[in-house]
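**Student:** Sharing a structure below in structure tokens format, with a few things to ask.
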Amino acid sequence: MASPGDLIRKMMEAKSWTQSDLAYALGTKPAAINQIISNKRAISLNMAKALGEALSCDPATIANTQTLWDLENTADPDPSIIARSKILSQYPLREMVKRGWVDPEHGVGTLEEQVCRFFGVATLNDVPHMNYSAKKTSYDDIPPEQLAWLFRVKTIASEMTTPAFDKLKLEEAIEEFKNLRSEPDGVRHVPLLLERAGVRFVVVEGIAKSAIDGVCFWLSGDCPVIGLSLRYDRIDNFWFVLRHECAHVLHGHGKIDAIVDCDLGDSDPKKAVNEDERVANQEAADFCVPEKKMRSFYLRKKPFFSERDVLAFSIRMDVHPGLVVGQLQRRMGRYDFLRRHLVKVREVLARSMMMDGWGDLVPTKR
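All residue numbers in the sequence shown are consecutive under this note's numbering, ending with 1250.
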């Protein structure tokens, strides 16, 4: 590549000028011209214009030659810039760092190596697009936020120790769940009941805009995993999503493709994307409040639902009022209705298990 000094020298030779001649034309000292020709002094834009006038050429040619020469001879940027940019363009890197899933400052290895360990691959180009069934995304187009969340659940689940999965014990656990629906405190018993059934139960705070409620997948033929995000910290949503994922496990769903469930409870449970989801929705709805009894109550009382009637019905069903209110809100399309009964449960659940997120990090080997 021609240097700026070479370009100026050729232009001087075309005019049969010496360095002193060019210096005289510019009104400067010959030493300044010598520095330019030997590429020891960069040509400024002002000097490029002056040289253009003196040598009868386009100053842009001189300026561009200097710019290209500078780029060619400037040291390459820190490789971590390329890595950060590549990762950031595909994955929610800043959120992953904030959550402690990768640690560029104190973690082992480079940022790229840490991200590869997170996804369990050798290079960034090998990060798998795990097949999964999502309600609001195409099968092959996995949003990066969902992919990162899914792998965090997988990492935590893979390091848990549970007995072999026992379908009968899971069915028994679900029967026990029915006795826990009437009080928020009941949710703290869920982790132990699932553990006894051989189900790995993981709670990871969702990543912004991921819209994930829960996931069901299997680490092996006899190792099911249920992951929840607790995106809506409400008693009705907790039980619906949990029972939905339990249905997937009971029916052997998710053994080939992980099932990521988004926006559960926000739409009509009967309008499912496939038969597996329809079954899980129906079982979850029946668990929260038996469908036939819920429909009968709704038809008898609409369009006016008093708080007294709702509380009396929830007592008859032996469930917390929030489970009834949640279903009424969806049917009525009124999400402000008796909202105070949609009590929070995350802090209760946190008493009996470790959660990843909300300021806490579950320690893992990778």
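The C-beta atom is built at its ideal place from N, Cα and C for all residues, glycine as well. Keep in mind that this is a model prediction, so the values were computed, not measured.
#1: Could you have a look at W901 and say whether DSSP puts it in helix, strand or coil?
#2: Rounded to whole angstroms, what's the CA-CA distance from D1141 to Q1030? Just pull it up for me.
#3: Exposed or buried, which one is F1188 when buried takes at least 16 other CB atoms within 10 Å?
#4: Taking the C-alpha atoms as reference points, what is the distance between P1068 and M1238?
#5: The alpha helix (DSSP H) that contains G1098, what's its start and end?
#6: Given 8 Å as the limit, is there contact between the segment 1085-1099 and the segment 1228-1246, that is, 3 or more CB pairs closer than that?
#7: With 16 as the cutoff for other CB atoms within 10 Å, does E1129 come out buried or exposed?
#8: Mind listing, in chain order, the continuous alpha helix (DSSP H) runs of no fewer than 4 residues lying wholly within the segment 1050-1131?
#9: If you follow the alpha helix (DSSP H) that D1193 is part of, which residue opens it and which one closes it?
#10: Just reading off the beta strand (DSSP E) that C1146 is part of, what are its end residues?
#11: With DSSP as the reference, please indicate the residues paired to D960 in a beta bridge.
#12: Alpha carbon to alpha carbon, what distance is there between V981 and P1247?
#13: What's the gap between the Cα of R1115 and the Cα of L929?
#14: Since R1162 is in the alpha helix (DSSP H), which residue starts that stretch and which ends it?
**Tutor:** According to the data block:
#1: coil
#2: Across the structure, D1141 and Q1030 are spaced so that their CA atoms are roughly 14 Å apart.
#3: exposed
#4: Answer to the nearest angstrom: the Cα atoms are 18 Å apart.
#5: DSSP places G1098 in no alpha helix (DSSP H) but in the uninterrupted beta strand (DSSP E) bounded by I1096 to S1104.
#6: Because the criterion of three Cβ pairs below 8 Å is met, the segment 1085-1099 and the segment 1228-1246 touch.
#7: buried
#8: Taking only runs of at least 4 residues, the alpha helix (DSSP H) segments lying wholly in the segment 1050-1131 are 1051-1062 and 1074-1080.
#9: E1191 to M1201
#10: A1142 to C1146
#11: The partner list for D960 (beta bridge, DSSP) is empty, contrary to what the question assumes.
#12: 15 Å
#13: 57 Å
#14: E1159 to C1172
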